[in-house]
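*Asks:* The structure under discussion is supplied below as structure tokens; questions concerning it will follow.
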Amino acid sequence: MLQTAGRKGTSTPGKAAPHKRYLEAFRWMLQTRIFEEKLTSLYRGGLITGGVYVGRGQEAVSAACGMFLKKGDVFAPLIRDQAGRAAFGEPLLDVARTYLGSRQGPMRGRDGNIHRGRPRAGQLAMISHLGAMIPVVVGTLLAKRMKGEKDFVGLTTIGEGGMQTGATHEGMNIAAVEGVPFVLVATNNHYAYSTPNDREFVCADLVDRAPAYGYEGRSLDGTDLSECLDVIGGAVERARAGGPPQLVVASTLRLAGHGEHDDASYVAAEIKGEDFARDSLQRAEEFIKEEGLADADTLAQWRADATAQVNEAVSTAQEEAAPDGNEEDWSAISTRTLTDRIS
Amino acid sequence: MSVSYLEAIREAQAHLLREDKRVFIYGQDISGNFGGAFKATKGLAAEFPGRVLNTPISEDAMVGTAIGAALEGMRPIVEMQFADFSSIALNQILNNAGTQYWRTNIPCPITVRLPSGGTKGSGPFHSQSMEGIYAHYPGLIVMTPATVEDAYTMLIDAVAIDDPVIYCEHKYLYYHLKADELPKNRLPIGQARVVRPGRDLSIVTYSVMVHEALAAAEELRADGFEVDVVDLRTVKPLDTDTVLASVARTGRLLCVGESFPWGGVTAEVIARVATEGFHLLDAAPARLNAKDTPIPYHPNLWSEHRPNENSIAKKARQILAE
Numbered sequence: 007m008l009q010t011a012g013r014k015g016t017s018t019p020g021k022a023a024p025h026k027r028y029l030e031a032f033r034w035m036l037q038t039r040i041f042e043e044k045l046t047s048l049y050r051g052g053l054i055t056g057g058v059y060v061g062r063g064q065e066a067v068s069a070a071c072g073m074f075l076k077k078g079d080v081f082a083p084l085i086r087d088q089a090g091r092a093a094f095g096e097p098l099l100d101v102a103r104t105y106l107g108s109r110q111g112p113m114r115g116r117d118g119n120i121h122r123g124r125p126r127a128g129q130l131a132m133i134s135h136l137g138a139m140i141p142v143v144v145g146t147l148l149a150k151r152m153k154g155e156k157d158f159v160g161l162t163t164i165g166e167g168g169m170q171t172g173a174t175h176e177g178m179n180i181a182a183v184e185g186v187p188f189v190l191v192a193t194n195n196h197y198a199y200s201t202p203n204d205r206e207f208v209c210a211d212l213v214d215r216a217p218a219y220g221y222e223g224r225s226l227d228g229t230d231l232s233e234c235l236d237v238i239g240g241a242v243e244r245a246r247a248g249g250p251p252q253l254v255v256a257s258t259l260r261l262a263g264h265g266e267h268d269d270a271s272y273v274a275a276e277i278k279g280e281d282f283a284r285d286s287l288q289r290a291e292e293f294i295k296e297e298g299l300a301d302a303d304t305l306a307q308w309r310a311d312a313t314a315q316v317n318e319a320v321s322t323a324q325e326e327a328a329p330d331g332n333e334e335d336w337s338a339i340s341t342r343t344l345t346d347r348i349s
Numbered sequence: 174m175s176v177s178y179l180e181a182i183r184e185a186q187a188h189l190l191r192e193d194k195r196v197f198i199y200g201q202d203i204s205g206n207f208g209g210a211f212k213a214t215k216g217l218a219a220e221f222p223g224r225v226l227n228t229p230i231s232e233d234a235m236v237g238t239a240i241g242a243a244l245e246g247m248r249p250i251v252e253m254q255f256a257d258f259s260s261i262a263l264n265q266i267l268n269n270a271g272t273q274y275w276r277t278n279i280p281c282p283i284t285v286r287l288p289s290g291g292t293k294g295s296g297p298f299h300s301q302s303m304e305g306i307y308a309h310y311p312g313l314i315v316m317t318p319a320t321v322e323d324a325y326t327m328l329i330d331a332v333a334i335d336d337p338v339i340y341c342e343h344k345y346l347y348y349h350l351k352a353d354e355l356p357k358n359r360l361p362i363g364q365a366r367v368v369r370p371g372r373d374l375s376i377v378t379y380s381v382m383v384h385e386a387l388a389a390a391e392e393l394r395a396d397g398f399e400v401d402v403v404d405l406r407t408v409k410p411l412d413t414d415t416v417l418a419s420v421a422r423t424g425r426l427l428c429v430g431e432s433f434p435w436g437g438v439t440a441e442v443i444a445r446v447a448t449e450g451f452h453l454l455d456a457a458p459a460r461l462n463a464k465d466t467p468i469p470y471h472p473n474l475w476s477e478h479r480p481n482e483n484s485i486a487k488k489a490r491q492i493l494a495e
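Residue numbers (the numbering used here), protein chains in the order written: chain A, 7 to 349; chain B, 174 to 495.
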């Protein structure tokens, strides 16, 4: 089952069969693209309230993030991480339920879209304030160490936009001070909403910051799935083995708006011809065909399987009841005896 | 033998570290033999190795780390060096800790200790009272202990509670407020306390202002007035019932707080009494807060910036004359 394969995905770069790993990653990427196209279509049809945020162009980076984490690890995904979330074990139904506001989803209509999470399953629920999840991951790792757990790692993702916040600076530093097994994967998709790199930072490459924080740093072409798997897999392995915190900086172009409400008309025409603007999914599919890793029938079958899984998740969520304000007890704390009530 | 308010806080933490393996303390300059800017953790690092941890000057990351540890089953206590610096951690406290349970159904049991309030010479950035800001946002419990007994028992309760607690300890009370011994009993969290019963005026207050209010009440007694003084103990949840019962006895209300005047705890108390107990009032309810300026450095200015025994007594006489 593809749904659960990522959980078991403990493949090690250079050791396990790389083709098998590549194909597994490709399937997570494919499923993500199909799911996000479905979500976009539901949004355009007025069936999703709020917004839809897709990872188009970043699927290879994200899939690699999820695939090397296993049960007991901590993953704090961000806005463009459907592929990584799925590879880490998040059911598609969680996604559909959250976007469609089902009361049976993990967020029960209280929060939407990319803000979903299951902290007890190691997947933290992001807040919108960028960099804020970095120290939270550090805290989970510190606790695991205090409890005597072994063989764990924490990974969170961010963009080049989020790399400029004070919270990111504090969080990156405290991870190194605590010496926890931590990986930060930063994707430079060249736009913070509409703001291009030249108004975001001036260092030559964000990975140059790594040594200043006591991290090992590596940069990679985020459109190349093989490189994503090797570099991110290696970073996870080194952190897990007791190495210093790892910073991976991937280069991509966001091949969509910030959200589906945004036509991204501000993206400069010339940047679309850059190598980092290529579509990682398309590149992976071409590679699979060139290398004969899977034949056309198999690829078609995978596409059909993913489409069926997506449709099933969406139709299930669509049939479920929406939350009802009259049935809420409107307490933001768990200790109900201490809920403040105003008449 | 006697125990100060500050010693009670230290003893509560020693008790928590001894009794509960999930507890650790996280803050600036709290470890080693230094024991914190105010010595609230003095000796604890040696007694509990690896559980009293110094942090970089990173308030946001300190609270973020505590949130992550709490989600993994620990019971972290974060010591802010001064309440004022918790402004750097507002995002983590309000948006991450405060929303966690509501959003994910997983509680977030962190305790953030805020050395709060003014003392002589501390100035604008080492004197603030932040309880109003934290009480305004959903998802947090806000404690404001006024006595040695409450300082001890409420901190122990704060760590036991499954939700985020903002524990506002008042620096003015640290050294001079003393009790004979640590308390053996505790009043439940969420319950206010009638410190002094009266029949002419209710003064509803909390934290350090309980003591200024008691001094004012003593002064008014010489004039023949019996003032009912209520210590809220927690400003969130706010024990409206005890406040209303007090106003029912007296018909008059003065609410006193050391924080800035716009909005906040005093405004909330008066709004509730006006809404739920309008019929109990024989005079317009009033409030007394610090002035709407940054907190001054010089003692001559500071002592007039905050409410004090004299200004409380003066305001009380105005209400009693109505």
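Every residue gets a Cβ at the ideal spot worked out from N, C-alpha and C, and that includes glycine.
1) Taking the alpha carbon of residue 377 (chain B) as the reference point, which residue from B:392, B:407, B:395 has its own alpha carbon closest?
2) Which residues in chain B have a C-beta closer than 9 Å to the C-beta of residue 179 (chain A)? List them in chain order.
3) Which complete beta strand (DSSP E) runs does the stretch 107-175 of chain A hold, if anything under 3 residues is left out?
4) Which residue from B:391, B:346, B:355, B:405 puts its Cα closest to that of residue 362 (chain B)?
5) Determine, using beta carbons only, whether residue 430 (chain B) and residue 438 (chain B) come nearer to each other than 7 Å.
6) Got a sec? Which residues, its chain only, sit under 7 Å from residue 297 (chain B) by beta carbon, not counting five neighbours each side?
7) Answer yes if the stretch 241-256 of chain A comes into contact with the stretch 174-194 of chain A, meaning at least three C-beta pairs across the two stretches below 8 Å, and no otherwise.
8) Which residues of the stretch 268-280 of chain B have a Cβ closer than 9 Å to any Cβ of chain A? Give them in chain order.
9) May I have the straight-line CA-CA distance separating residue 487 (chain B) from residue 292 (chain B), to the nearest angstrom?
10) Identify which residue in A:29, A:312, A:321, A:71 has its Cα closest to the Cα of residue 164 (chain A).
11) Examine the ligand MN and report whether any of its heavy atoms sits within less than 6 Å of the Cβ of residue 50 (chain A).
12) Smallest Cα separation from residue 73 (chain A): which of A:31, A:111, A:53, A:278?
13) By DSSP's criteria, residue 429 (chain B) is part of a beta bridge. Which residues make up the other side?
14) Report buried or exposed for residue 370 (chain B), applying the criterion of at least 16 other Cβ atoms within 10 angstroms of its Cβ.
15) Quick one, are the C-beta atoms of residue 280 (chain B) and residue 108 (chain A) less than 7 Å apart?
16) To the nearest angstrom, how far is it from the Cα of residue 176 (chain B) to the Cα of residue 206 (chain B)?
17) Can you pull the chain B neighbours of residue 344 (chain A), defined as C-beta to C-beta under 9 Å?
18) Output needed for residue 351 (chain B): all residues of its chain with C-beta closer than 6 Å, excluding positions within five of it in sequence on either side, in chain order.
19) Would you identify the three-state DSSP class for residue 333 (chain A), choosing helix, strand or coil?
20) Would you tell me roughly how many angstroms separate the C-alpha atoms of residue 288 (chain A) and residue 63 (chain A), rounded to the nearest one?
21) Rounded to the nearest angstrom, what separates residue 94 (chain A) and residue 289 (chain B) at their Cα positions?
22) Check the DSSP bridge columns for residue 316 (chain B) and list the partner residues they point to.
23) Closest Cβ-Cβ distance between residue 92 (chain A) and chain B: below 7 Å?
24) Report yes if the C-beta distance between residue 162 (chain A) and residue 82 (chain A) is below 7 Å; otherwise report no.
25) To the nearest whole angstrom, what separates the beta carbons of residue 241 (chain B) and residue 144 (chain A), a pair I think is in contact under 8 Å?
26) Along the chain, where does the alpha helix (DSSP H) that runs through residue 237 (chain B) open and close?
27) Label residue 435 (chain B) either buried or exposed according to how many other C-beta atoms from any shown protein chain fall within 10 Å of its C-beta, with 16 as the threshold for buried.
28) Could you spell out the range, first to last residue, of the alpha helix (DSSP H) harbouring residue 236 (chain A)?
29) Label residue 381 (chain B) either buried or exposed according to how many other C-beta atoms from any shown protein chain fall within 10 Å of its C-beta, with 16 as the threshold for buried.
30) Residue 191 (chain A) lies in the alpha helix (DSSP H); which residues open and close that run?
31) For residue 131 (chain A), tell me which candidate among B:275, B:300, B:286, B:319 has the shortest Cα-Cα distance.
32) Mind checking if residue 264 (chain B) is an interface residue toward chain A, Cβ cutoff 7 Å exclusive?
33) Give a yes or no on whether the minimum CB-CB distance between residue 244 (chain B) and chain A is below 7 Å.
34) Along the stretch 108-133 of chain A, where does the CB come closer than 9 Å to a CB of chain B? Name the residues.
*Replies:* The relevant details are as follows:
1) Numbered from its first residue, the second sequence carries residue 377 (chain B) at position 204. Ranking the options by Cα distance to residue 377 (chain B), first place goes to B:407.
2) In the first sequence, counting from the first residue as 1, residue 179 (chain A) sits at position 173. Here the neighbours are 229, 231, 234.
3) 160-165
4) Walking along the second sequence from the start, residue 362 (chain B) turns up at place 189. The residue with the shortest Cα to Cα distance from residue 362 (chain B) is B:405.
5) Within the second sequence, residue 430 (chain B) is the residue found at index 257, counting from 1. Within the second sequence, residue 438 (chain B) is the residue found at index 265, counting from 1. Yes. Within cutoff.
6) Sequence index remark: in the second sequence, residue 297 (chain B) carries index 124 (1-based). Excluding positions up to five away in sequence, the list reads 467, 468.
7) yes
8) 268, 269, 271, 272, 273, 274, 275, 276, 277, 278, 279, 280
9) Position 314 of the second sequence, counted from the start, is the residue given in the question as residue 487 (chain B). Position 119 of the second sequence, counted from the start, is the residue given in the question as residue 292 (chain B). Using only the alpha carbons, I get a separation of about 22 Å.
10) By one-based count along the first sequence, residue 164 (chain A) stands at place 158. Measuring from the Cα of residue 164 (chain A), the nearest candidate turns out to be A:71.
11) No copy of the ligand MN appears in this structure; indeed no ligand is present at all.
12) Taking the first sequence and counting its residues from 1, the one referred to as residue 73 (chain A) is at position 67. For the residues A:31, A:111, A:53, A:278, the minimum Cα distance to residue 73 (chain A) belongs to A:31.
13) Walking along the second sequence from the start, residue 429 (chain B) turns up at place 256. DSSP, once it has assigned bridges, lists B:461 as partnering residue 429 (chain B).
14) Here residue 370 (chain B) is taken as the residue at index 197 of the second sequence, counted from 1. Under this definition residue 370 (chain B) is an exposed residue.
15) For the purposes of this step, residue 280 (chain B) is taken as the residue at position 107 of the second sequence. For the purposes of this step, residue 108 (chain A) is taken as the residue at position 102 of the first sequence. No; because the gap between Cβ atoms is not below 7 Å, this pair is not in contact.
16) Position 3 of the second sequence holds residue 176 (chain B). Position 33 of the second sequence holds residue 206 (chain B). Roughly 21 Å separates the two Cα atoms.
17) Locating residue 344 (chain A) in the first sequence gives position 338, counting from the first residue. Ordered by position in chain B, the residues that pass the 9 Å Cβ test against residue 344 (chain A) are 314, 334, 336, 362, 363, 407, 409, 410.
18) Taking the first residue of the second sequence as position 1, residue 351 (chain B) is located at position 178. 175, 177.
19) Indexing the first sequence from 1 puts residue 333 (chain A) at position 327. Helix.
20) As a working note, residue 288 (chain A) is residue 282 in the first sequence. As a working note, residue 63 (chain A) is residue 57 in the first sequence. Residue 288 (chain A) and residue 63 (chain A): Cα-Cα distance of roughly 9 Å.
21) As a first step, residue 94 (chain A) must be located in the first sequence, where it is residue number 88. As a first step, residue 289 (chain B) must be located in the second sequence, where it is residue number 116. Approximately 43 Å, taken between the alpha carbons.
22) Position 143 of the second sequence holds residue 316 (chain B). Paired residues: B:340, B:407.
23) Residue 92 (chain A) sits at position 86 when you count from the first residue of the first sequence. No, because no Cβ of chain B sits closer than 7 Å to the Cβ of residue 92 (chain A).
24) What you label residue 162 (chain A) is simply residue 156 of the first sequence in a count that begins at 1. What you label residue 82 (chain A) is simply residue 76 of the first sequence in a count that begins at 1. Against a cut-off of 7 Å, the Cβ pair of residue 82 (chain A) and residue 162 (chain A) comes out as a contact.
25) One-based indexing of the second sequence puts residue 241 (chain B) at position 68. One-based indexing of the first sequence puts residue 144 (chain A) at position 138. About 6 Å; that satisfies the 8 Å criterion.
26) The residue given as residue 237 (chain B) occupies position 64 in the second sequence. Taken as a continuous stretch (DSSP letters only), the alpha helix (DSSP H) holding residue 237 (chain B) covers 232-244.
27) Start at 1 with the first residue of the second sequence, and residue 435 (chain B) comes out as number 262. Label assigned to residue 435 (chain B): exposed.
28) The residue you call residue 236 (chain A) lines up with position 230 of the first sequence. Taken as a continuous stretch (DSSP letters only), the alpha helix (DSSP H) holding residue 236 (chain A) covers 231-246.
29) Residue 381 (chain B) sits at position 208 when you count from the first residue of the second sequence. The residue in question, residue 381 (chain B), is buried, as its Cβ has 16 or more Cβ neighbours within 10 Å.
30) Taking the first residue of the first sequence as 1, we reach residue 191 (chain A) at position 185. Per DSSP, residue 191 (chain A) belongs to no alpha helix (DSSP H); it is in the beta strand (DSSP E), 188-194.
31) To locate residue 131 (chain A), count along the first sequence from 1; it is residue 125. With distances taken between Cα atoms, residue 131 (chain A) lies closest to B:275.
32) Start at 1 with the first residue of the second sequence, and residue 264 (chain B) comes out as number 91. True, the Cβ-Cβ gap to chain A drops below 7 Å.
33) Position 71 of the second sequence, counting from 1, holds the residue named residue 244 (chain B). Judged by the 7 Å Cβ criterion, residue 244 (chain B) is in contact with chain A.
34) 112, 113, 114, 116, 117, 121, 122, 123, 124, 125, 126, 130, 131, 133
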